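What follows is one structure encoded as structure tokens, with my remarks underneath.
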Amino acid sequence: DNGDLFLCVGGNTNAGVPDCNIGDLPESPLSAAILRLNISQPGYNGDATYHFSSGGSPSDDQVDGGDVKLDAGVDIDVFGAGVRNPFNIAYTLDGRLYATDNGPNGGFGEASTGPNSQTNDPYAPDELNLIEDGNYYGSPNRNRGEEDPRQNVYHDPDEDTVPGVFEKPLTTFSSSTNGIIEYRAQTFNNAMRGELITQKWNGKTFRVALSADGTTADSVSTMFQDFSVLNLVGAPGGVILGIDYTSNKVMKAVPDDIAATGLTLYDIYPWRAPATGGHEFTIAGANFGTLGNTSVTIGGVPATLTLVTSKRIVGTIPSSTVTGAVLEDVVVSIGPASVTFPQAFRYLDTPGS
């Protein structure tokens with residue numbers, strides 16, 4: 002929430018050991034990880050340059066990835082290590098980061114068991130991981146393993162968590178499960194709010210209900226209809242967009258919400274913005290009024306509105322002195338009637354804080 006950027010970087014190996022069937026390339030200092038780019042820092046340096054620890058000319062050739070180290074002074078660090086191919090991530094209202102991760106495949110390389118040892122090719126399902134700073138999720142990187150020995154060792158997702166050593170996934174999916182979003186809308190009487198929606202490529206769409214603290218998956222079910230796409234994007238009004246690269250199409254799933262009989266507020270986009278205010282927002286719902294009789298507050302502060310239709314309210318986010326972990330209520334009023342979207346909007350921290 003201070004303006005930094007998370008970036009998914011896949012691994013070059015099946016399970017830590019180079020193999021001809023997957024390019025015969027080693028892991029490098031920033032592969033197989035969720036990276037944090039500290040772009041909020043003054044003088045941000047994102048020029049990832051490398052050097053051989055034994056000396057010699059610098060190299061950024063991936064063939065040398067196992068033998069080089071990242072130069073000092075680069076504002077990029079490994080946030081979550083040991084993800085094989087994290088296709089997508091979702092940052093949630095409660096400030097947690099989740100990632101889908103494609104597991105290893107038989108015939109594409111052995112599993113590293115140490116800096117110079119390995120065992121048979123593993124095969125494992127895809128994962129859903131709660132990504133936390135400093136954790137290791139089981140896909141080896143022998144380059145980083147020179148300083149962090151736990152990253153030399155492959156872990157199957159069925160293994161139990163060992164604190165400080167290995168974090169097992171919250172749940173697993175059949176391959177290849179890639180897309181992930183948090184469903185934030187109040188549609189269907191809040192039945193899906195806070196769930197993670199994940200997408201198997203050209204197949205099933207999963208609903209993952211999380212525990213109150215977000216650290217376990219309480220249940221995994223499938224949507225009533227398979228979206229059969231690759232990736233997902235949330236949109237105003239509880240809409241889910243499916244990105245179908247196979248057929249070069251965008252699919253739109255619109256909630257058929259029989260509960261929306263009166264003044265109804267579904268969601269606000271964006272759900273985060275700078276505390277200086279001034280950014281445009283869109284509130285989606287049903288049975289809204291007119292520009293003349295509608296008002297909106299965010300955290301109790303009135304917003305300036307520019308457009309009101311029966312299903313959309315467009316306006317400008319007001320400024321605030323409240324930032325960080327606080328989630329503000331959004332209230333829509335039409336004459337004497339009002340409806341609240343609780344804990345729906347966050348003002349961002351000052352960049353670099």
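Be aware that the sequence shown starts at 2, since it is given in the working numbering, and climbs by one per residue.
Think of the CB as a built atom: it goes at the ideal place given N, C-alpha and C, for glycine as much as any other residue.
In this text the structure is predicted, and so the values were computed from the model without any measurement.
Pick helix, strand or coil for residue i, following the three-state DSSP scheme.
i	result
R1	Residue coverage of the chain in this structure runs from 2 to 354, which leaves residue 1 outside it and unanswerable.
Q152	helix
T188	helix
G235	strand
R208	strand
R143	helix
N179	strand
Q42	coil
Q200	strand
Q226	coil
N130	strand
I318	coil
I269	strand
N22	helix
D258	coil
V240	strand
V166	coil
V333	strand
V251	strand
Taking Cβ positions, are residue i and residue j nearer each other than 9 Å?
i	j	result
N123	N15	This sequence places Pro at residue 123; Asn is not what is there. Yes, the pair counts as a contact, with Cβ atoms nearer than the cut-off.
F342	V332	yes
L71	T50	yes
D2	R208	no
G195	L211	yes
A192	N136	no
S175	D127	yes
N179	N103	yes
L129	T199	yes
A34	V75	no
G204	D227	yes
P303	V297	yes
Go ahead and label residue i buried or exposed: buried means 16 or more other beta carbons lie within 10 angstroms of its beta carbon, across all protein chains shown.
i	result
E281	exposed
S177	buried
I259	exposed
F80	buried
P43	exposed
Y246	exposed
P87	buried
T101	buried
N89	buried
T173	buried
G17	buried
G56	exposed
F225	exposed
A73	exposed
G107	exposed
D268	buried
Excluding the 5 residues flanking residue i on each side, which residues of the same chain have their C-beta closer than 7 Å to its C-beta?
i	result
K169	P158, E160, D161 and T162
T120	E111, A112 and T114
S54	K70
W202	S177, N179 and L231
N46	G74, V75 and D76
Whose C-beta lies closer than 8 Å to the C-beta of residue i among residues of the same chain, with five residues either side of it excluded?
i	result
K312	G238, A285, G286, A287 and F289
L131	R97, L98, Y99, E168, L171, G215 and T216
P116	R143, G146, E147, P150 and N153
G279	T317, I318 and S320
V323	A276, G300, E329 and Y348
G12	E28, S32, A33, V84, R85, N86, S140 and N142
T223	K205, T206, F207 and R208
Output needed for residue i: all residues of its chain with C-beta closer than 6 Å, excluding positions within five of it in sequence on either side, in chain order.
i	result
Y270	P237 and T283
G336	N294
G4	S41 and P352
D134	F80
L349	D2, R273 and P275
D48	none
task = Mind the definition here: the stretch 26 to 38 touches the stretch 159 to 166 only if three or more C-beta pairs lie below 8 Å; say whether that holds.
result = No: the two stretches stay apart, fewer than three of their Cβ pairs being nearer than 8 Å.
message = Pairs of beta-carbons, one from the stretch 260 to 268 and one from the stretch 276 to 290, closer than 8 Å: are there three or more?
response = Cβ pair count under 8 Å is three or more, so yes.
ask   = Should the stretch 182 to 192 be called in touch with the stretch 108 to 116, which here means at least 3 C-beta pairs below 8 Å?
value = The stretch 182 to 192 is not in contact with the stretch 108 to 116.
task = Flag this pair as touching only if the stretch 130 to 148 and the stretch 66 to 85 have three or more C-beta atom pairs under 8 Å; answer yes or no.
result = Yes, the stretch 130 to 148 is in contact with the stretch 66 to 85.
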